[in-house]
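Quick notes on the structure that follows.
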Amino acid sequence: MRQKLLLVAAVFFGILAFVLSYQQINAEKAKINNMREEIVVVVLSEDLSAREEIKAEHLAPKKTYRFKGDKTNAYITWKERNNVIGCKVASAYTKGEILTWHAIDTSSEETGRTGLTAKIDNGKVAVAIPVDAVSSMNGLVRPNNRVNVIGTFTKPGGRGDNIELITMTLMQDIRVLACGADMGYQNVGRSSSRSYGTMTLEVTPFQAKILIFAQRKGRLSLILHPPAGTREKNLQQVEWSTITDLSSGANQGANSGKK
-11 MRQKLLLVAA
-1 VFFGILAFVL
9 SYQQINAEKA
19 KINNMREEIV
29 VVVLSEDLSA
39 REEIKAEHLA
49 PKKTYRFKGD
59 KTNAYITWKE
69 RNNVIGCKVA
79 SAYTKGEILT
89 WHAIDTSSEE
99 TGRTGLTAKI
109 DNGKVAVAIP
119 VDAVSSMNGL
129 VRPNNRVNVI
139 GTFTKPGGRG
149 DNIELITMTL
159 MQDIRVLACG
169 ADMGYQNVGR
179 SSSRSYGTMT
189 LEVTPFQAKI
199 LIFAQRKGRL
209 SLILHPPAGT
219 REKNLQQVEW
229 STITDLSSGA
239 NQGANSGKK
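If you use the numbering used here, the sequence shown corresponds to residues -11 to 247, in order.
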């Protein structure tokens, strides 16, 4: 009888230990699941050789996981893919391999240039302009995007109540080289904050002079240039009379509709 009781007790405690272990394992799994998040990363849709240029058709999305708040993860997310299109891979990569920021070549083998100078095309220069949350679209403008530069200035000759502002397009289809210190090559361990106070543009030497002069005389704003967009012809300056003419035309149209 005693042996039966010991056997029953052993089975009972064995089952209890199994249940407690199972619950502990499930609790740890739930904890891990709460700590991780699903992300969509960039993988290669075909093999790339060393220093081959990355094109849009080379990239494909893939779901994976990372721990929440992990800033050391070097994966390039699908949302960031436009930042690497046009860049080159540092070494050979195979189809299906996850693309990381370590894979991006930040030097120029042909010229021996590194860093920002490696990104500037021949005949162009880099010039930085100050931006804020509004003019940078709350940090949504990123390196390798293309923008139009809009300037708002005080119209010369005005005094007192006669001071007028004028807004005009200064440049179109300008490539963004860097946003703050971010050149599109995200460094592992660097904060992913999108706030920055300057934006570096790739322009001609003459355009650089225009930008330097314009930012002293007025306020510069940026609008994103569509990837396949064409340059606008017959650029129209906007001033107070433009707004009043539009308002007058809208009111006349409304009144004529009532008749």
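Glycine included, each C-beta is placed from N, C-alpha and C at the ideal position.
Computed from a predicted structure; not experimentally measured.
If you draw a 10 Å sphere on the C-beta of T188, you find 16 or more other C-beta atoms in it, and that means buried. In this structure, A106 lies away from E190, with their beta-carbon atoms at least 9 Å apart. CA-to-CA, the gap between Q195 and F201 works out to about 10 Å. For F141, DSSP records a beta bridge to I154, G206.
Beyond the five residues adjoining it in sequence on each side, G206 comes within less than 8 Å, by CB distance, of G139, T140, F141, T142 in the same chain, given in chain order.
According to the DSSP assignment, T186 belongs to the beta strand (DSSP E) that extends over 186 to 191. Ranked by Cα distance from P214, the options R134, T192, R69, P144 are led by R134. In this structure L210 touches S124 by the C-beta definition: roughly 7 Å separates them, less than 8 Å.
In the structure shown, A(-3) adopts helical secondary structure according to DSSP, grouped into three states.
Residue environment for P118: exposed (fewer than 16 other C-beta atoms within 10 angstroms of its C-beta). Here E25 really is in contact with Y53; their C-beta atoms are around 7 Å apart, less than 8 Å. DSSP, read as helix, strand or coil, puts E68 in helix.
DSSP, read as helix, strand or coil, puts I86 in strand. A166 is a Cβ neighbour of L104, given a cutoff of 9 Å.
Residues of the same chain with a CB within less than 6 Å of the CB of Y184, apart from the 5 flanking positions on each side, are C167, G168 in chain order. Scanning its chain for C-beta atoms nearer than 7 Å, with the 5 sequence neighbours on each side dropped, one finds around K43 the residues I73, in chain order.
Between the alpha carbons of I231 and I151 lies a gap of roughly 16 Å. Contact between L87 and V28 is ruled out by a C-beta separation of about 12 Å, above the 8 Å threshold. Relative to the Cα of E220, the nearest Cα in the group M159, R163, L(-7) belongs to M159. In the three-state DSSP reduction, I231 falls in the helix class (H, G or I).
Here N110 is exposed, its C-beta having fewer than 16 other C-beta atoms within 10 Å. Within its own chain, the residues whose Cβ lies closer than 6 Å to the Cβ of A48, once the five positions on either side in sequence are excluded, are V31, S33, listed in chain order.
In this structure D35 is exposed. Its beta-carbon is surrounded by fewer than 16 other beta-carbon atoms within 10 angstroms. A91 counts as buried, since no fewer than 16 other beta carbons sit within 10 angstroms of its beta carbon. About 24 Å separates the CB atoms of I162 and E227; that is not less than 8 Å, and the two are not in contact.
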